[in-house]
Amino acid sequence: MTSDKSGQPLRFLALLMIAWVAIRIAAQSGPSPLDPLPLVRGRPATAAIVPRQFSAKPPTRTAVIPQAAAIKPAALRDSGARIARNMAGIALDPAPHSSAPAPTSRSDGPAQVPYAFPSPLPIPAPGPPNRADRWHGSSWMLWRGGGMSQTDLARTGRLGGSQVGARLDYVLNPAARHRATAYARASSALDSPAAPEAAIGLSLQPFTSLPVNVAIERRIALGVGARNAMAVMAVGGFGPTPIALGMEAQAYAQAGIVGFRQRDAFIDGKLSLLAPVQNTALRVGAAISGGAQPGVERLDIGPEIQVRLPLHPIAARLSIEWRERVGGRAAPASGLALTLGADF
6 MTSDKSGQPL RFLALLMIAW VAIRIAAQSG PSPLDPLPLV RGRPATAAIV PRQFSAKPPT
66 RTAVIPQAAA IKPAALRDSG ARIARNMAGI ALDPAPHSSA PAPTSRSDGP AQVPYAFPSP
126 LPIPAPGPPN RADRWHGSSW MLWRGGGMSQ TDLARTGRLG GSQVGARLDY VLNPAARHRA
186 TAYARASSAL DSPAAPEAAI GLSLQPFTSL PVNVAIERRI ALGVGARNAM AVMAVGGFGP
246 TPIALGMEAQ AYAQAGIVGF RQRDAFIDGK LSLLAPVQNT ALRVGAAISG GAQPGVERLD
306 IGPEIQVRLP LHPIAARLSI EWRERVGGRA APASGLALTL GADF
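Numbering (the working numbering), first residue to last: 6 to 349.
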């Protein structure tokens with residue numbers, strides 16, 4: 006049983022490599038309908054779709070809906086970034102340390118702090134603002150394999166489990182150098198306790214030369230496991246950036262505090278190294294992600310595939326990962342992670 010489980014990531018990596026080789030062979034035989042499209046700069050926005058992210062908004066963002074019928078790479082990169090920004094602090098995992106049920110709602114006190122999920126996708130580099138487009142919407146779903154029982158949850162806590170959520174942003178000063186954004190979001194875990202939560206907040210990019218945003222928000226508990234509290238955070242990162250040997254790097258990181266009376270700190274981030282597959286919408290590579298909050302932490306590594314989806318005019322992306330837990334004890338255990346996100 007143990008040997009079979011330990012071989013899962015190796016089988017996943019082998020299948021990934023076989024798929025990659027098959028795609029490269031197919032790519033040599035003729036042009037693909039998904040040829041690379043010209044880069045179009047659009048408008049900026051905050052932390053990670055889903056910065057991603059504890060809901061801090063990345064510094065800037067590109068246009069959500071391109072003017073042409075086809076989705077441009079710039080919009081797709083920004084799509085992943087917003088998914089990451091939003092997921093980073095949107096659906097939040099409580100980290101219980103006992104088997105007792107969580108209260109229906111939690112005030113700003115010494116209850117377990119929600120966790121900003123490690124975002125599956127990066128935060129974008131700054132782009133010029135688009136004065137006309139001030140509204141932006143994002144939605145996402147993260148599914149994690151590995152499972153978790155109530156016993157595991159009580160003993161080790163939970164970080165980065167399955168979740169679903171949506172976010173709506175409104176740029177307050179599109180022509181200003183230091184962009185301010187108001188946002189609202191709602192999210193829920195897909196495991197028990199679901200910790201359904203809503204939040205409203207403000208995000209600001211203090212330095213135009215630095216891709217970092219600061220945000221403050223009010224979290225509103227909508228059910229068991231969620232928390233009523235204020236939160237402040239800083240979020241930064243960059244979208245796909247060429248490095249060497251045909252590889253691209255993309256990353257995000259964030260840190261903050263939940264609660265002003267009972268202050269609970271958190272930090273999380275992710276770094277991906279991916280190689281675009283010629284004449285396809287795929288990127289293949291590896292990623293390392295992790296996070297920590299009081300009493301709970303984890304570090305994961307493993308292979309990753311990203312693909313942009315032809316859902317015109319919506320910018321959408323699917324990420325497939327194997328996350329091997331190499332540090333910490335937080336649930337879920339090592340397993341598959343699927344992330345689907347869209348911007349509109």
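For every residue, glycine included, the Cβ atom is placed at its ideal position computed from N, Cα and C. Since this is a predicted model, take the numbers as computed values, not measurements.
Alanine 231 is positioned such that its CB atom lies no closer than 8 Å to that of glutamate 253. The count of Cβ pairs closer than 8 Å, one atom from the segment 201-218 and one from the segment 183-190, reaches three, so the stretches are in contact. Residue environment for serine 192: buried (at least 16 other C-beta atoms within 10 angstroms of its C-beta).
Per DSSP, the continuous beta strand (DSSP E) segment holding methionine 235 begins and ends at 234-247.
Around the beta carbon of threonine 246, fewer than 16 other beta carbons lie within 10 angstroms, which makes this residue exposed.
According to the DSSP assignment, valine 169 belongs to the beta strand (DSSP E) that extends over 168-176. Taking C-beta atoms under 8 Å as the contact rule, tryptophan 145 and glycine 170 qualify, at a distance of about 6 Å. Judged by DSSP in its simplified three-state form, arginine 160 adopts helix. Secondary structure of serine 277 (DSSP, three-state): strand. Judged by DSSP in its simplified three-state form, isoleucine 325 adopts strand. Residue nearest to serine 167 within the set Thr344, Ala236 and Pro308 is Thr344 (criterion: CA-CA distance).
In this structure, the beta-carbon distance from alanine 258 to glycine 241 falls below 8 Å. Taking C-beta atoms as the reference points, alanine 297 and glycine 274 fail to come closer than 8 Å. Counting C-beta atoms within 10 angstroms of its own C-beta, glycine 162 has 16 or more neighbours from the protein chains shown and is therefore classed as buried. Phenylalanine 349 carries a coil assignment under DSSP once its states are collapsed to helix, strand and coil.
Using a 10 angstroms sphere on the CB of serine 214, the tally of other CB atoms stays under 16, which defines it as exposed. Straight-line spacing of the CA atoms in valine 229 and alanine 204 works out to 16 Å. If you look at leucine 304, you'll find it in the beta strand (DSSP E) that goes 301-314. In the DSSP assignment, asparagine 218 falls within the beta strand (DSSP E) that extends over 217-226.
Under DSSP, phenylalanine 271 takes part in a beta bridge, and its partners are Gly261. Only exposed fits arginine 182, as fewer than 16 other CB atoms lie within 10 angstroms of its CB. Sorting Arg139, Leu164, Gly142 and His141 by C-alpha distance to the C-alpha of valine 301 places Leu164 at the top. For histidine 317, there is no enclosing beta strand (DSSP E), as DSSP marks it with neither H nor E.
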